[in-house]
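In numbering that gives the first Met the number 0, the protein residues as written are 0 to 379. C-beta atoms are modelled at their ideal positions from N, C-alpha and C, and glycine is treated no differently. Here is the structure we will look at, set down as structure tokens.
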Amino acid sequence: MDFNLTEEHIMIRDAARDFAKNELLPGVIERDEKQEFPKEQIKKMGELGFLGMMVSPEYGGGGMDTVAYVLAMEEISKIDASASVVMSVNNSLVCWGLEKFGNEEQKQKYLIKLATGESIGAFCLSEPEAGSDATSQRTTAIEKDDHYLLNGTKNWITNGSIADFYIVIAQTDKEKKHKGINAFIVEKGMEGFEIGPKEQKLGIRGSDTHSLNFNDVKVPKENRIGEDGFGFKFAMKTLSGGRIGIAAQALGIAAGAYELAKEYSKVRKAFGTEIMNHQAIAFKLADMHTSIEAARHLVMKAACDKDNGENYDLSGAMAKLFASKTAMDVTVEAVQVHGGNGYVKEYHVERLMRDAKITQIYEGTSEIQKIVISRSILRD
Ligand code: CAA
Numbered sequence: 000m001d002f003n004l005t006e007e008h009i010m011i012r013d014a015a016r017d018f019a020k021n022e023l024l025p026g027v028i029e030r031d032e033k034q035e036f037p038k039e040q041i042k043k044m045g046e047l048g049f050l051g052m053m054v055s056p057e058y059g060g061g062g063m064d065t066v067a068y069v070l071a072m073e074e075i076s077k078i079d080a081s082a083s084v085v086m087s088v089n090n091s092l093v094c095w096g097l098e099k100f101g102n103e104e105q106k107q108k109y110l111i112k113l114a115t116g117e118s119i120g121a122f123c124l125s126e127p128e129a130g131s132d133a134t135s136q137r138t139t140a141i142e143k144d145d146h147y148l149l150n151g152t153k154n155w156i157t158n159g160s161i162a163d164f165y166i167v168i169a170q171t172d173k174e175k176k177h178k179g180i181n182a183f184i185v186e187k188g189m190e191g192f193e194i195g196p197k198e199q200k201l202g203i204r205g206s207d208t209h210s211l212n213f214n215d216v217k218v219p220k221e222n223r224i225g226e227d228g229f230g231f232k233f234a235m236k237t238l239s240g241g242r243i244g245i246a247a248q249a250l251g252i253a254a255g256a257y258e259l260a261k262e263y264s265k266v267r268k269a270f271g272t273e274i275m276n277h278q279a280i281a282f283k284l285a286d287m288h289t290s291i292e293a294a295r296h297l298v299m300k301a302a303c304d305k306d307n308g309e310n311y312d313l314s315g316a317m318a319k320l321f322a323s324k325t326a327m328d329v330t331v332e333a334v335q336v337h338g339g340n341g342y343v344k345e346y347h348v349e350r351l352m353r354d355a356k357i358t359q360i361y362e363g364t365s366e367i368q369k370i371v372i373s374r375s376i377l378r379d
């Protein structure tokens, strides 16, 4: 693994850093408080190419590699994890899956708009009873003439009300279990498709999370992705890459909190000196820095595996497991370094601590990552 970033990588990282500081930082506290979606900022992210970074230029994307993507994810997540989850879902769960497994018509009709940010995507797998146990789909898609009839409910869907196109996973043949699952592209506004209430969340409060209801929605047959019965594998393969994006998000949350804690320790005085001069604080910063570096290596390894055409199921799961734990540990310590101020919104670290928790839950809980990791290492 080459630890030196290319000039292009540095340019992308710096552009993401500047965008986060100039466009996302102003108003981030208010958006969190009001659960307000960063609509204008996401529009600008689309214009700058952050929503379809890895899509080939032929389909309106940036044609960049996964390393570039995780560098940008880290920088955006340092400031606003509600914006970076939109970026992660659109890039890795929606655009990547469509480019890899969609047919030419689907790419022309949907991918170009998604990659340029003209449209936003959502990935709908989770259900009230199918979170970790993703094979247990209750949403059904029954084949009828020239369409599938879609019925069911999806939960905790990122971009739930703001998305234009939704990739929906549903059971078409119960007898065949996971081999009878398919993935469909559903458009907002299709008859019978209703957006449920917005979730009131602990963290990433600016992101738009809803349940979705499908009541006899007629989905044209040409909107099925891949061969009949490919839906579960489609979801698993897509999520393997998605987990690298969330690992980068967790890394960014941790790094953002650490940077704030370090700066604070240089200006805040106690017992006659800056608190960085107390070993109690200096050692915390040493631990934070070390675990962030370790997380960054795992994230980069997973990104390099993907770029080099290696299997990244294991490295992506390890990166997400470790980086999300690092995000929790580091943000809790960052609040501690800030003392009373850490508990106050204007210092940002309490928000980062709340935002960190979801990285241990979505796109596969930490326990699911351990299933993926243990199965992989025990198979060898
Ligand atoms: N790539 C390709 N195929 C895969 C795969 C992968 N990474 N993982 C599993 N499969 C295949 C298996 O090979 C198997 O196929 P065959 O029967 O042909 O051999 C099939 O899928 C079933 O696999 P398992 O027997 O391993 O299935 P399982 O029931 O034991 O579950 C699991 C596997 C890993 C636990 C899976 O259910 C899982 O990942 N659960 C978590 C779901 C999840 O991540 N949800 C996140 C929701 S999306 C989200 O959060 C987005 C957002 O908005 C931010």
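Legend entry - Neighbourhood of residue 346 by C-beta, 6 angstroms cutoff - its chain only, sequence neighbours within 5 removed: 337 and 340
Inset, instruction - On a CA-only basis, which of 203, 171 and 220 is nearest residue 184? Give me that one, please. - result: 220
Inset, instruction - Ignore the nearest five residues each way along the sequence and tell me which others in residue 214's own chain have a CB closer than 6 angstroms to its CB. - result: 191
Legend entry - Segments assigned beta strand (DSSP E), at least 3 residues, entirely inside the segment 34–92: none
Inset, instruction - For residue 370, count neighbouring C-beta atoms within 10 Å of its own C-beta (all shown protein chains included) and say buried if the count is 16 or more, exposed if not. - result: exposed
Inset, instruction - Tell me, please, whether the segment 245–264 touches the segment 60–73 by the rule of three or more beta-carbon pairs shorter than 8 angstroms. - result: yes
Inset, instruction - Per DSSP, which residues does residue 272 bridge with? Please list them. - result: Beta-bridge pairing by DSSP links residue 272 to 269.
Inset, instruction - Assuming residue 122 and residue 88 form a contact by the criterion Cβ under 8 angstroms, report the distance between their Cβ atoms to the nearest whole angstrom. - result: 6 angstroms
Legend entry - Beta-ladder partner(s) of residue 216, from DSSP: 149
Legend entry - Cβ-based burial, residue 395 [other Cβ within 10 Å; buried from 16]: Since the first residue of the chain shown is 0 and the last is 379, residue 395 is not available in this structure.
Legend entry - Start-to-end residues for the alpha helix (DSSP H) that takes in residue 403: Here the chain covers residues 0 to 379 and nothing more, so residue 403 does not appear.
Inset, instruction - With a threshold of 7 angstroms, establish whether the CB of residue 363 neighbours any heavy atom of the ligand CAA. - result: Because some heavy atom of the ligand CAA lies under 7 angstroms away, the Cβ of residue 363 counts as near it: yes.
Inset, instruction - Rounded to whole angstroms, what's the CA-CA distance from residue 354 to residue 37? Just pull it up for me. - result: 15 angstroms
Legend entry - Boundaries of the alpha helix (DSSP H) in which residue 15 is found, first to last residue: 6–18
Inset, instruction - May I ask you to check if the CB of residue 175 is nearer than 7 angstroms to at least one heavy atom of the ligand CAA? - result: no
Inset, instruction - For residue 105, I'd like the list of residues in its chain whose CB is within less than 8 angstroms of its CB, leaving aside the five on either flank, ordered along the chain. - result: Residues 97, 184, 221, 222 and 224 of the same chain have their beta carbon placed closer than 8 angstroms to that of residue 105, with the five preceding and five following residues left out of the count.
Inset, instruction - Assuming residue 372 contacts residue 297 (C-beta within less than 8 angstroms), just tell me the rounded distance between them. - result: Not confirmed; about 12 angstroms, so no contact.
Inset, instruction - Measure the beta-carbon distance from residue 242 to residue 81 and round it to whole angstroms, keeping in mind my assumption that it falls under 8 angstroms. - result: Incorrect: roughly 19 angstroms between the Cβ atoms, too far for contact.
Inset, instruction - Confirm the yes/no value for this check: CB of residue 134, any heavy atom of the ligand CAA, distance under 7 angstroms. - result: Yes.
Legend entry - alpha helix (DSSP H) segments (min. 4 residues) lying fully within the segment 249–311: 278–306
Inset, instruction - Compare the beta carbon distance of residue 333 and residue 348 with 8 angstroms and say whether it is the shorter of the two. - result: Their beta carbons are under 8 angstroms apart, which means residue 333 touches residue 348 by this criterion.
Inset, instruction - Go ahead and pull the three-state DSSP assignment for residue 195. - result: Note: residue 195 maps to strand in three-state DSSP.
Inset, instruction - Would you grab the beta carbon distance between residue 13 and residue 350 for me? Rounded to a whole angstrom, and I think it's under 8 angstroms. - result: Not confirmed; about 24 angstroms, so no contact.
Inset, instruction - With residue 100 as the anchor, note down where its beta strand (DSSP E) starts and where it stops. - result: Not the beta strand (DSSP E): residue 100 falls in the alpha helix (DSSP H), residues 95–100.
Legend entry - Span separating the alpha-carbon of residue 137 from that of residue 257: Linking residue 137 to residue 257 through their CA atoms gives a straight-line distance of about 42 angstroms.
Inset, instruction - Could you tell me whether any Cβ in chain C is nearer than 8 angstroms to the Cβ of residue 25? - result: Among the chains in the structure shown there is no chain C, since it carries only a single protein chain.
Inset, instruction - Taking 8 angstroms as the cut-off, decide whether the C-beta atoms of residue 119 and residue 161 are in contact. - result: Against a cut-off of 8 angstroms, the Cβ pair of residue 161 and residue 119 comes out as a contact.
Inset, instruction - Mark residue 329 as exposed unless 16 or more other C-beta atoms lie within 10 angstroms of its C-beta, in which case mark it buried. - result: buried
Inset, instruction - Indicate the three-state DSSP secondary structure (helix, strand or coil) for residue 114 in the structure shown. - result: helix
Legend entry - Chain-order list of residues whose beta-carbon lies under 7 angstroms from that of residue 194 (same chain, five-residue window excluded): 159, 160, 209 and 211
Inset, instruction - With DSSP as the reference, label residue 361 as helix, strand or coil. - result: coil
Legend entry - the ligand CAA heavy atom lying under 7 angstroms from the CB of residue 377: no
Legend entry - Residues sharing a beta bridge with residue 140, DSSP: The partner list for residue 140 (beta bridge, DSSP) reads 149.
Legend entry - Helix, strand or coil at residue 233 according to DSSP, with G and I counted as helix: helix
Inset, instruction - State the Cα-Cα distance for the pair residue 234 and residue 180, rounded to the nearest angstrom. - result: 10 angstroms
Inset, instruction - Indicate the three-state DSSP secondary structure (helix, strand or coil) for residue 243 in the structure shown. - result: helix
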